[in-house]
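Data first, discussion second: the structure below is written as structure tokens.
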DNA sequence: ATTTAACCTTACAGTTTTGTAACATTGGGA
DNA sequence: TCCCAATGTTACAAAACTGTAAGGTTAAAT
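See below:
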């Protein structure tokens, strides 16, 4: 979605995007911008910071209260203040006019790539050696073999993956698993670790999770 | 982690970061960069593109084969070619020297914020109106109330959330749920949707998931 | 207004998940 | 070397999850 008041630039951008297999929508009603954005729910917004009737930064700030749709700010002036503000208000990137079309496309591609995790269910793959772990469905894939993890195993494995090569304390894991519930046996964690290890063993990862006695566990 | 050959800049950066509650590590052995990075497993890398013994772009390219650690490229020349290359090789952002310390900090903050989904188990929160959904643990929070979703409900709700305001076909959901398994009753989806709706109803979201007969479902 | 395919609800039983308990093992310090 | 706290394993029963079937409801098309 293009939010920009100069018709000429709008059309240019539109063509550029459509020539590159994006679907472009131009926001018409600046006064009703927020509603229109949420209605259309675009995959990405190109937002000019200087448009009549509305303050681009304020719009971004309001949008961020309701949505994480990626936003690339387009600024006329290469002002560091604008840049700083855009980023702190939640823009995903910014570019200054006049822009180089190729760079704009690269930036759009880069933003979409790094935000797609939030927009595409299949973007949840974490990689561990030869394994791919779909942290949404809790499925570990090794070539053609697939292993399903239970919810607890998923939580533990995700946590370890996200802290690869770092020691993770038992307490951290306890909190992550049972944060807000009543007391559970300390041993419940040990058992769940054991179960996870067994599943990893099935696909040849025998010592993936190492115990550091007195400290915690480490995935390496 | 700072990857930079000018000692002076290294120290400046180090101080700046530590004054702002980051932990800074300076890469020493440029020839063994990739191993050292993976060993240290930093939360973010500041990578100068022009360092001796190694080509910054090549390093980034190699790093990206093994890890998604966020990288901010630091370039001396404001060359559009560099910029374009960095982004296409997988840098998360870039900044040109001489940099404004405040902007560098903002950019670091922004990159960490948007990438933390992959690095921090608590970064998996999706927002839907007044609800927060932890898509990792499958917990929906509304103020102080919490509701737990089962694995199937999690998958459906995540998918709908990621396609908010868009019609999602039953087939899409079937594939997402049972992609690689044997045949399941068409009705199994209906039942799971029904269960999810009931849980949403418990916290006051009665018509959150709307049926578009013949087309699919829409979360709005 | 009627029809009918699409969708919903409920109950149920097979299966999986999970915390607990009881006992086994381990590794680091004294 | 011995000891013991920390960690592992196994079995088990309660609880949760999930697909199916059977029958009900709905809305779009004729």
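Residue numbers (our numbering), protein chains in the order written: chain Z, 9 to 228; chain D, 9 to 228.
Don't be surprised by glycine CBs; every beta carbon is placed ideally from N, CA and C.
Taken through DSSP and simplified to helix, strand or coil, residue 158(D) comes out as coil. Excluding residues up to 5 positions away in sequence, 167 and 224 lie with their Cβ nearer than 8 Å to the Cβ of residue 180(Z) in the same chain. DSSP places residue 201(Z) inside the alpha helix (DSSP H), whose first and last residues are 194 to 210. Under a 10 Å Cβ-count criterion, residue 12(Z) is classified as buried, with 16 or more other Cβ atoms of the shown protein chains found around its own Cβ.
DSSP, reduced to helix, strand and coil, places residue 219(Z) within a strand of the structure shown. Taking each of 173(D), 150(D) and 84(D) in turn and checking the Cα distance to residue 46(Z), the smallest one comes out for 173(D). For residue 48(Z), the uninterrupted alpha helix (DSSP H) segment begins and ends at 41 to 48. Nearest neighbour of residue 83(Z) by Cα position, chosen from 118(Z), 112(Z) and 72(Z), turns out to be 112(Z).
From the beta-carbon of residue 172(D), the residues of chain Z found nearer than 7 Å are 49.
With a cutoff of 8 Å on beta-carbon distance, residue 80(D) and residue 115(D) are scored as near each other.
Between residue 208(D) and residue 169(D), the gap from beta carbon to beta carbon reaches 8 Å or more.
For residue 159(Z), the chain D residues whose C-beta falls within less than 8 Å of its own C-beta are 145, 146 and 159, listed in chain order.
For residue 33(Z), same chain residues with a beta-carbon under 8 Å away, outside a window of 5 residues either side, are 9, 10, 48 and 50 in chain order.
The C-alpha of residue 213(Z) lies about 16 Å from the C-alpha of residue 134(Z). If you draw a 10 Å sphere on the C-beta of residue 62(Z), you find 16 or more other C-beta atoms in it, and that means buried. In terms of Cβ geometry, residue 197(D) and residue 178(D) form a close pair [threshold 8 Å].
At a cut-off of 8 Å between C-beta atoms, residue 175(Z) does not count as an interface residue with respect to chain D. Residue-level contact by beta carbon fails for residue 22(D) and chain Z, as no gap is shorter than 8 Å.
Judged by beta-carbon spacing, residue 201(Z) lies within the 8 Å limit of residue 164(Z), meaning their Cβ atoms are closer than that value. Just measuring C-alpha positions, the residue of 109(D), 72(D) and 105(D) sitting nearest residue 98(D) is 72(D). If the five residues before and after residue 160(Z) are omitted, its C-beta is found closer than 7 Å to the C-beta atoms of 185 and 200, all from its own chain and listed in chain order. A residue is called buried once 16 or more other Cβ atoms fall within 10 Å of its Cβ, and residue 37(Z), having fewer, is exposed. For residue 133(D), DSSP records a beta bridge to 142(D). Within the same chain, no Cβ atom closer than 6 Å to the Cβ of residue 15(Z) is found once the five residues on either side in sequence are excluded.
The beta carbons of residue 140(Z) and residue 149(Z) sit closer together than 8 Å. In the DSSP assignment, residue 83(Z) falls outside any alpha helix (DSSP H) and within the unbroken beta strand (DSSP E) covering 79 to 83.
Residue 42(D) is not a Cβ neighbour of residue 24(D), given a cutoff of 8 Å.
Per the C-alpha coordinates, the member of 210(Z), 194(Z) and 171(Z) positioned closest to residue 182(Z) is 194(Z). The beta carbon of residue 162(Z) is closer than 6 Å to those of 146 in its chain, skipping five residues each way along the sequence. Sequence-distant Cβ neighbours of residue 22(Z) in its own chain, meaning closer than 7 Å and more than five residues away, are 10, 32 and 34.
Annotated three-state conformation of residue 63(D) is strand, per DSSP. Judged by their CB atoms, residue 211(Z) and residue 153(Z) are nearer to each other than the 8 Å cut-off. One Cα belongs to residue 106(Z), the other to residue 17(Z), and the distance between them is close to 10 Å.
Here residue 57(Z) carries a coil assignment [DSSP, helix/strand/coil].
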